Amino acid sequence: VPKIQTWGDLKGEDPGEPTVGLGGGQPQAEPLWPQPLSPQEPSLYTVKALLILDSLGQRLLAKYYDGTFPTAKEQAAFERSIFSKTHRAGGEIACLEGLTIVYRSSVDLFFYVVGGCRENELMLSAVLTCLLDALSHLLRKEVEKRWLLDNMEGTFLVVDEIVDRG
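Take the sequence shown: its position 39, counted from the start at 1, is 1388 in this note's numbering, and no numbers get skipped.
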């Protein structure tokens, strides 16, 4: 049986005898990495919004999956805010209003996936990559505003298949 490394092993301490806890007499070892102070409950609902904006920041497609922005006015203000912050930036991740936003541009379109402030950026990035790959396939590698508008029902189908209620 391979020995499981513990945090004490890495610090160079002698593990000595394993302690016996309340778990039915099973040995308890200190975990390899310290636990976070406030663990996040696992959830399948990681996406708060998915947006496609044109080169002027106008909404082409927007799906909001929770009550973070309940009114159309709040949604439009949020979209203007993220577009103004990201349309010239070279990065792929932004933090705004306590939210994590991953984004990419393609010719004359901007694609955004929005998650909570503690959400894993790699998960959000995987959703964005999946969206772009599916749209590239649907639009036959012509991911531009004109082709997207001509195939809007297919675009809605792609978004609905990728993200199910957040």
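All C-beta atoms in this analysis are idealised placements derived from N, C-alpha and C, irrespective of residue type, glycine included. All of these numbers come straight from a predicted model, not from anything done at the bench.
- Taking all protein chains shown into account, decide if Tyr1394 is buried (16 or more other Cβ within 10 angstroms of its Cβ) or exposed. Exposed.
- Range of the contiguous alpha helix (DSSP H) that encloses Gly1503: Gly1503: member of the alpha helix (DSSP H) spanning 1501-1511, first to last residue.
- Query: Expressed to the nearest angstrom, what Euclidean distance is found between the alpha-carbon atoms of Lys1412 and Gly1439?
  - Reply: Lys1412 and Gly1439 have their C-alpha atoms spaced approximately 24 angstroms apart.
- Query: Where do the N-terminal and C-terminal ends of the alpha helix (DSSP H) with Cys1444 fall, by residue?
  - Reply: From DSSP, Cys1444 is part of no alpha helix (DSSP H) but of the beta strand (DSSP E) over 1442-1445.
- Query: Do Ser1474 and Val1508 come within 7 angstroms of each other at the CB atom, strictly closer than that value?
  - Reply: When the beta-carbon positions are compared, Val1508 and Ser1474 stay at least 7 angstroms from each other.
- Query: Taking the C-alpha atoms as reference points, what is the distance between Asp1457 and Ser1404?
  - Reply: For Asp1457 and Ser1404, the distance between alpha carbons rounds to 5 angstroms.
- Taking just the CA atoms, how far does Ala1426 sit from Thr1435? For Thr1435 and Ala1426, the gap between their C-alpha atoms comes out near 14 angstroms.
- Message: Please report the straight-line C-alpha distance between Phe1418 and Leu1497, rounded to a whole angstrom.
- Response: Cα-Cα distance, rounded: 25 angstroms.
- Can you name, in chain order, every residue of its own chain whose Cβ lies under 8 angstroms from the Cβ of Glu1441, other than the five neighbours on each side? So the list reads Val1451, Tyr1452, Arg1453, Ser1474, once near-sequence residues are dropped.
- Task: Report buried or exposed for Leu1506, applying the criterion of at least 16 other Cβ atoms within 10 angstroms of its Cβ.
- Result: So Leu1506 ends up on the exposed side.
- Closest Cα partner of Pro1460 within the set Glu1423, Asp1482, Asp1415: Note on identity: in this sequence residue 1460 is Phe, with Pro being the wrong assignment. Per the Cα distances, Asp1482.
- Query: Do you know how far the Cα of Arg1429 is from the Cα of Leu1488?
  - Reply: One C-alpha to the other measures close to 26 angstroms.
- Cβ neighbours of Leu1386 in the same chain (closer than 7 angstroms, five flanking residues each side left out): Residue placement at Leu1386 is poorly supported in this model, since its pLDDT is 47, which falls under 50; the coordinates are not used for a value here.
- Query: Applying the criterion that 16 or more other CB atoms from any shown protein chain within 10 Å of the CB defines a buried residue, is Gly1464 buried or exposed?
  - Reply: In this structure Gly1464 is buried. Its beta-carbon is surrounded by 16 or more other beta-carbon atoms within 10 angstroms.
- Straight-line gap, Gln1407 to Ile1401 (C-alpha atoms, nearest Å): In this structure, the CA atom of Gln1407 is about 9 angstroms from the CA atom of Ile1401.
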